[in-house]
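Colleague: If you read the protein sequences in the order shown, they are chains R and L. If you read the first sequence in this note's numbering, its first letter stands for residue 480, the second for the next number, and so on. If you read the second sequence in this note's numbering, its first letter stands for residue 43, the second for the next number, and so on. Here a beta-carbon is modelled for each residue, glycine too, at the ideal position from N, C-alpha and C. Input: one structure, supplied below.
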Amino acid sequence: MEKVTNDTIKHVATLAQLEFSEEELAKFTSQMRKILEMAEELQAVDTTGVEETVQVVDRDTVFREDVPEKWQTREEMLKNVPDKSNGFVKVPVIIDKDDNQ
Amino acid sequence: MNFTSTIGLEVHFELKTKSKIFSPSPVTYGAKPNTETNVIDWGYPGTLPMVNKEVYRLGLMVALATHSHINPVTHFDRKNYFYPDNPKAYQITQFFKPLAENGYVEVEVHGKKKKIHIHEMHIEEDAGKNTHGTNGFSYVDYNRQGVPLLEVVSEPEMTDPDEAVAYLEKLREIVQFTGASDVKMEEGSMRIDTNISIRPAGQKELGTKVEMKNLNSFEHVRLSLAYEQKRQQEILLSGGRVRLSTRRFDTNTGKTVLERVKEGDADYRYFPEPDLPPYHIKQEWVDEIAANLPKTADERRKIYVDEYGLKPYDANVLLQNKESSDFFDATVAAGADPQQAANWMNTQVNGYLNEKHAELKDIALTPENLAAMIKLISDGTISSKIAKKVFAETVANGTDPKKYVEENGMAQLSDESVLAPMVKEVVDANPQSVEDYKNGKDRAIGFLVGQIMKQTRGKANPKVINKLLLADLASR
Numbered sequence: 480m481e482k483v484t485n486d487t488i489k490h491v492a493t494l495a496q497l498e499f500s501e502e503e504l505a506k507f508t509s510q511m512r513k514i515l516e517m518a519e520e521l522q523a524v525d526t527t528g529v530e531e532t533v534q535v536v537d538r539d540t541v542f543r544e545d546v547p548e549k550w551q552t553r554e555e556m557l558k559n560v561p562d563k564s565n566g567f568v569k570v571p572v573i574i575d576k577d578d579n580q
Numbered sequence: 043m044n045f046t047s048t049i050g051l052e053v054h055f056e057l058k059t060k061s062k063i064f065s066p067s068p069v070t071y072g073a074k075p076n077t078e079t080n081v082i083d084w085g086y087p088g089t090l091p092m093v094n095k096e097v098y099r100l101g102l103m104v105a106l107a108t109h110s111h112i113n114p115v116t117h118f119d120r121k122n123y124f125y126p127d128n129p130k131a132y133q134i135t136q137f138f139k140p141l142a143e144n145g146y147v148e149v150e151v152h153g154k155k156k157k158i159h160i161h162e163m164h165i166e167e168d169a170g171k172n173t174h175g176t177n178g179f180s181y182v183d184y185n186r187q188g189v190p191l192l193e194v195v196s197e198p199e200m201t202d203p204d205e206a207v208a209y210l211e212k213l214r215e216i217v218q219f220t221g222a223s224d225v226k227m228e229e230g231s232m233r234i235d236t237n238i239s240i241r242p243a244g245q246k247e248l249g250t251k252v253e254m255k256n257l258n259s260f261e262h263v264r265l266s267l268a269y270e271q272k273r274q275q276e277i278l279l280s281g282g283r284v285r286l287s288t289r290r291f292d293t294n295t296g297k298t299v300l301e302r303v304k305e306g307d308a309d310y311r312y313f314p315e316p317d318l319p320p321y322h323i324k325q326e327w328v329d330e331i332a333a334n335l336p337k338t339a340d341e342r343r344k345i346y347v348d349e350y351g352l353k354p355y356d357a358n359v360l361l362q363n364k365e366s367s368d369f370f371d372a373t374v375a376a377g378a379d380p381q382q383a384a385n386w387m388n389t390q391v392n393g394y395l396n397e398k399h400a401e402l403k404d405i406a407l408t409p410e411n412l413a414a415m416i417k418l419i420s421d422g423t424i425s426s427k428i429a430k431k432v433f434a435e436t437v438a439n440g441t442d443p444k445k446y447v448e449e450n451g452m453a454q455l456s457d458e459s460v461l462a463p464m465v466k467e468v469v470d471a472n473p474q475s476v477e478d479y480k481n482g483k484d485r486a487i488g489f490l491v492g493q494i495m496k497q498t499r500g501k502a503n504p505k506v507i508n509k510l511l512l513a514d515l516a517s518r
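Right, dumping it as structure tokens:
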């Protein structure tokens, strides 16, 4: 597995819109490294013949019928919105939608 | 130096469901902002998404109609990004195991048939709508958050703008005739992103691609791709390098404008959606959907032209959208002569729709009434002149044509036993006209017909009158 460095943490922090001090970066880098090392221990398990999965729940193919229902009103939904205007949620303008780098 | 263009297209279709993909919020176009959202759409803690079965069914119809391989095991994935149009900070999509792969549509460009392959298609949720204000703020409406989308990704194998547009037209037609989507670009139920790169002819390695998002019309797709071909060629010819970037088509200047330079692909940290189970698609369900797939536009065109004898042009006008074709089919099924039904649909009905800026589903006309009216004309009950009045009434108010004609005494008089004595009477009363007729003045006939029409207040069947009149005159 790729080694976790300061830069890895910096990149992930940027993606999560978080800002860390140099001190915090160093701390999280070492913590994250340990977590991943722990996870890597799982590699020791022999998985020969075990089918790959992306889910650990025992539910499968659960559908809802296409029946519309009104749950919350606009007033209820906007209750927790800090800034609103004419029924819209008001936010600062952010142009670069895909610019996650 | 000659260049080869490589074009790939990503098309989003809004699937026509009554509720959202992961929540039961209603989906209505044009609803007041934020009135059709709930706690699942907003990703409130403690809520769980649940997949709308209809989304799969509609997606599978498109997969079948494009000859795609349907994946028996699918699952959803999270695409993580921060933007105010999505309150959850992630979009649920299908990244690793999409609905279907390896499909194709067949197009005809420059007189040649070509298969354009579909790389994959997947279902996902739409995001809310951001309106940028001029005061440094944006205004967000989450009604669109969670509206089901089908994204169809082509292989990058189109080589010129005409091919790209031909692919889009065919794909739109196919999707529209499955009934899975409204495919209205002006309402955003069909949205197009393009990718184009160029390379010197003969070079294997693809050039650097430029992406253009949310093109508004097929014409804009054509113009923007043509502009990019030229722009990128000029850069390469002058020894420059095309930058991996997103550009926007400026409709005023007809040029593309740089929006943003990209440094590698965005990092969305995709991972399998933990809130949803995997979806196994049973072959029996696929077979059932396949068996009930509506007729494609091509199949309908064949029936219209080969069986009904319509001109290809008339058939294509009927096939402009599924509603019109369905309406025509229902009119024929209700007993109307296909040629007559096509004539009325393509002239009077379309004229009425254009005048009212309306669609077939908004107006009072029913296929049954249109068929009934056409039958009244063909069996001689009403004249084509009266038919115009009957049409105006039934199209505006949904009135039953037969009842309307009866109640208003509009039926033509075709009964010879009633008309013959009237003809005799008129001829007897106009000896001068008889004289004129015998002297070769055909105009006299017109005068006599006019007299009979006057007596019957325009209701006499002109064909019957003519026949009776000629017979009467010949006997004198």
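Using the beta-carbon of each residue, which ones in chain R are nearer than 9 Å to L/SER287?
Modeller: The residue you call residue 287 of chain L lines up with position 245 of the second sequence. Simply none; closest approach about 12 Å.
Colleague: Any residues in the region 310-322 of chain L with a beta carbon nearer than 9 Å to a beta carbon of chain R? Which ones, in chain order?
Modeller: Cβ contacts with chain R come from TYR310, ARG311, PHE313, PRO314, GLU315, PRO316, LEU318, PRO319, PRO320, TYR321, HIS322.
Colleague: Would R/ARG538 pass as an interface residue toward chain L - the criterion being a Cβ-Cβ separation below 9 Å?
Modeller: In the first sequence, residue 538 of chain R corresponds to position 59, counting from 1. Closer than 9 Å to some Cβ of chain L, the Cβ of R/ARG538 qualifies, so yes.
Colleague: Give the secondary structure of L/TYR146 by DSSP, where H, G and I count as helix, E and B as strand, and everything else as coil.
Modeller: Translated into positions along the second sequence, residue 146 of chain L becomes position 104. If DSSP states are grouped into helix, strand and coil, L/TYR146 belongs with the strands.
Colleague: Counting only beta-carbon atoms, is R/LYS569 nearer than 9 Å to chain L?
Modeller: By 1-based counting over the first sequence, the position of residue 569 of chain R is 90. Chain L contact via Cβ: present.
Colleague: Which residues in chain L have a C-beta closer than 8 Å to the C-beta of R/ILE573? List them in chain order.
Modeller: Here residue 573 of chain R refers to the residue found at position 94 of the first sequence. Going along chain L in sequence order, the residues near R/ILE573 (Cβ under 8 Å) are TYR125, PRO126, SER180.
Colleague: Do we get a CB-CB distance below 9 Å when we pair L/ASN113 with the residues of chain R?
Modeller: In the second sequence, residue 113 of chain L corresponds to position 71, counting from 1. With 9 Å as the cut-off, L/ASN113 does not count as an interface residue toward chain R.
Colleague: Is there a C-beta anywhere in chain L that falls below 9 Å from the one on R/ASN565?
Modeller: Walking along the first sequence from the start, residue 565 of chain R turns up at place 86. Answer yes: the Cβ-Cβ gap between R/ASN565 and chain L drops below 9 Å somewhere.
Colleague: How would you label L/ARG289, buried or exposed, when you count the other beta carbons within 10 angstroms and need 16 or more for buried?
Modeller: The residue labelled residue 289 of chain L in the question sits at position 247 within the second sequence. When all chains shown are included, L/ARG289 counts as buried.
Colleague: Taking CB distances under 9 Å as the criterion, tell me whether L/ASN122 reaches chain R.
Modeller: Within the second sequence, residue 122 of chain L is the residue found at index 80, counting from 1. Taking Cβ atoms only, chain R reaches closer than 9 Å to L/ASN122, which makes this a yes.
Colleague: Between which two residues does the beta strand (DSSP E) containing L/PRO190 stretch?
Modeller: Taking the first residue of the second sequence as 1, we reach residue 190 of chain L at position 148. Start and end: 190-196.
Colleague: In chain order, what residues of the same chain lie with their CB nearer than 8 Å to the CB of L/PRO504, ignoring the 5 residues before and after it?
Modeller: By 1-based counting over the second sequence, the position of residue 504 of chain L is 462. SER425, VAL491, MET495, listed in sequence order.
Colleague: What residues in the region 546-558 of chain R have a beta carbon less than 8 Å from any beta carbon of chain L?
Modeller: Residues VAL546, PRO547, GLU548, LYS549, TRP550, GLN551, THR552, ARG553, MET556, LEU557.
Colleague: I'd like to know if L/TRP84 contacts chain R, where contact means its C-beta is closer than 9 Å to some C-beta of that chain.
Modeller: Locating residue 84 of chain L in the second sequence gives position 42, counting from the first residue. Cβ-Cβ to chain R under 9 Å: yes for L/TRP84.
Colleague: Taking the alpha helix (DSSP H) that L/LYS95 falls in, what are its first and last residues?
Modeller: As a working mapping, residue 95 of chain L is identified with position 53 in the second sequence. Segment 95-107, the alpha helix (DSSP H) holding L/LYS95.
Colleague: Here's the rule: buried if 16 or more other CB atoms are within 10 angstroms of the residue's CB, otherwise exposed. What is R/ILE514?
Modeller: Locating residue 514 of chain R in the first sequence gives position 35, counting from the first residue. Exposed, because fewer than 16 other Cβ atoms sit within 10 Å of the Cβ of R/ILE514.
Colleague: Just the C-alpha distance for L/LEU418 and L/LYS444, rounded to the nearest angstrom, thanks.
Modeller: In the second sequence, counting from the first residue as 1, residue 418 of chain L sits at position 376. In the second sequence, counting from the first residue as 1, residue 444 of chain L sits at position 402. Going by the C-alpha atoms only, they are around 7 Å apart.
Colleague: Between which residues of its own chain and L/ASN76 is the CB-CB distance below 7 Å, once the five residues before and five after are set aside?
Modeller: As a first step, residue 76 of chain L must be located in the second sequence, where it is residue number 34. The residues are ASP183, TYR184, ASN185.
Colleague: In three-state DSSP terms, what is L/LYS156?
Modeller: Residue 156 of chain L sits at position 114 when you count from the first residue of the second sequence. Here L/LYS156 sits in strand by DSSP.
Colleague: Could you check the C-alpha separation between R/ASP577 and L/LYS324 for me, to the nearest Å?
Modeller: By one-based count along the first sequence, residue 577 of chain R stands at place 98. By one-based count along the second sequence, residue 324 of chain L stands at place 282. Note that R/ASP577 has pLDDT 49, beneath the 50 cutoff, so the model's placement of it is unreliable and no number is given.
Colleague: What residue range is occupied by the uninterrupted alpha helix (DSSP H) comprising L/ASP356?
Modeller: Residue mapping note: residue 356 of chain L aligns to position 314 of the second sequence, counting from 1. Taken as a continuous stretch (DSSP letters only), the alpha helix (DSSP H) holding L/ASP356 covers 354-360.
Colleague: Look at the alpha carbon of L/GLN423 and the alpha carbon of L/ILE507, and state the distance between them as a whole number of angstroms.
Modeller: Here residue 423 of chain L refers to the residue found at position 381 when the second sequence is read from its first residue. Here residue 507 of chain L refers to the residue found at position 465 when the second sequence is read from its first residue. Gln is not the amino acid found at residue 423 of chain L; the sequence shown has Thr there. Taking the straight line from one Cα to the other gives about 14 Å.
Colleague: Around the C-beta of L/ASN80, are 16 or more other C-beta atoms found within 10 angstroms, so that it is buried, or is it exposed?
Modeller: One-based indexing of the second sequence puts residue 80 of chain L at position 38. By the neighbour-count rule (16 or more Cβ atoms within 10 Å), L/ASN80 is buried.
Colleague: State the start and end residues of the unbroken beta strand (DSSP E) segment that holds L/LYS171.
Modeller: Within the second sequence, the letter at position 129 stands for residue 171 of chain L. 171-174 is the extent of the beta strand (DSSP E) around L/LYS171.
Colleague: In chain order, what residues of the same chain have a beta carbon less than 8 Å from the beta carbon of L/GLY175, not counting five sequence neighbours either side?
Modeller: The sequence position of residue 175 of chain L within the second sequence is 133, counting from 1. Excluding sequence neighbours, L/GLY175 sits near TYR181.
Colleague: Would you mind giving the Cβ-Cβ distance between L/PHE260 and L/LYS364, rounded to the nearest angstrom? I have them listed as a contact below 8 Å.
Modeller: As a working note, residue 260 of chain L is residue 218 in the second sequence. As a working note, residue 364 of chain L is residue 322 in the second sequence. Actually they do not touch by this definition, with Cβ atoms about 18 Å apart.
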